[in-house]
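All remarks here apply to the structure that follows.
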Amino acid sequence: MDCTLFLVSDMDKEVLKRTIYDIVSDTVEDKVTRYEDFSRLSCKYFTLDIETEDIINVDFIREEYKMEINVYNGIQLFEKLFEEGLEVLFGIFGNILWAFNPDSVFVENGTDQIFRKEDASIIINTKLDQYQRKYLSNHLITLLRYPYIFKELPN
Numbered sequence: 034m035d036c037t038l039f040l041v042s043d044m045d046k047e048v049l050k051r052t053i054y055d056i057v058s059d060t061v062e063d064k065v066t067r068y069e070d071f072s073r074l075s076c077k078y079f080t081l082d083i084e085t086e087d088i089i090n091v092d093f094i095r096e097e098y099k100m101e102i103n104v105y106n107g108i109q110l111f112e113k114l115f116e117e118g119l120e121v122l123f124g125i126f127g128n129i130l131w132a133f134n135p136d137s138v139f140v141e142n143g144t145d146q147i148f149r150k151e152d153a154s155i156i157i158n159t160k161l162d163q164y165q166r167k168y169l170s171n172h173l174i175t176l177l178r179y180p181y182i183f184k185e186l187p188n
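Sequential numbering from 34 applies to the sequence shown in my numbering.
In structure tokens form, the structure reads like this:
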């Protein structure tokens, strides 16, 4: 599964990357390898690329999601450990949200909004395909550790 977590953050870029690395390392109960000055993280569940400089189509992305997005986290979740990896990933998302409270958008397949966090709550998209509804369980949503509502979001 290919997915992206876009963030709005005012943290220093290097501090942000190290903070995300620390969160991933604390959440994953296995080795996390870092590459390219913390710009790529890898573990048995996924690879996570953190981009803060040259986000492709950033103006379009900002317009599309109506946020001043300045951090791209591209995630390749490995199919072999998909369900377990997705649970770990949502735990990481919850820890990121609690660590520095960024507004964010989680997108699958480049355009499908799964959820977005604005201000103090999370909006869970009700306009999901059959596959997305199947894996987006209440358990995963509670791992985000924020109040949430269900609402149709544009894709």
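In this text, a Cβ means the ideal position worked out from N, Cα and C, and glycines have one as well.
Note that the structure is predicted; figures quoted are calculated from it, not measured.
Check, Outcome
"Identity of the residue in F139, Y179, I157, I147 nearest V41 by Cα", "F139"
"Boundaries of the beta strand (DSSP E) in which D63 is found, first to last residue", "It is not in any beta strand (DSSP E) - D63 carries neither H nor E in the DSSP assignment."
"Start-to-end residues for the alpha helix (DSSP H) that takes in N134", "Careful: N134 lies outside any alpha helix (DSSP H) and carries neither H nor E."
"Proximity to D55 [Cα-Cα], best of L74, M44, E69", "L74"
"Cβ-Cβ separation, F126 to T52 (assumed contact under 8 Å), whole Å", "In fact, because the Cβ distance is near 14 Å, the residues do not count as touching under 8 Å."
"Chain-order list of residues whose beta-carbon lies under 7 Å from that of M34 (same chain, five-residue window excluded)", "L110, F115, E141"
"Test item: CB-CB of L38 and V57 under 8 Å", "no"
"Straight-line Cα distance separating K160 from M100", "20 Å"
"For D31, the three-state DSSP class (helix, strand or coil)", "One cannot answer for residue 31 here, as it falls past the ends of the chain, which runs 34 to 188."
"Beta-carbon proximity of K150 to Y105, cut-off 8 Å", "no"
"Pairwise C-alpha distance: E86 and D162", "32 Å"
"Nearest-angstrom beta carbon gap, Y181 and I174 [assumed within contact, 8 Å]", "6 Å"
"Separation of I88 from E112, as counted between CA atoms", "26 Å"
"Reduced DSSP category for Y215 - H, G, I as helix; E, B as strand; rest coil", "The question about residue 215 has no answer, for the chain in this structure spans 34 to 188."
"Helix, strand or coil at K150 [DSSP, three-state]", "strand"
"N90 burial status per 10 Å Cβ neighbour count (16 or more: buried)", "exposed"
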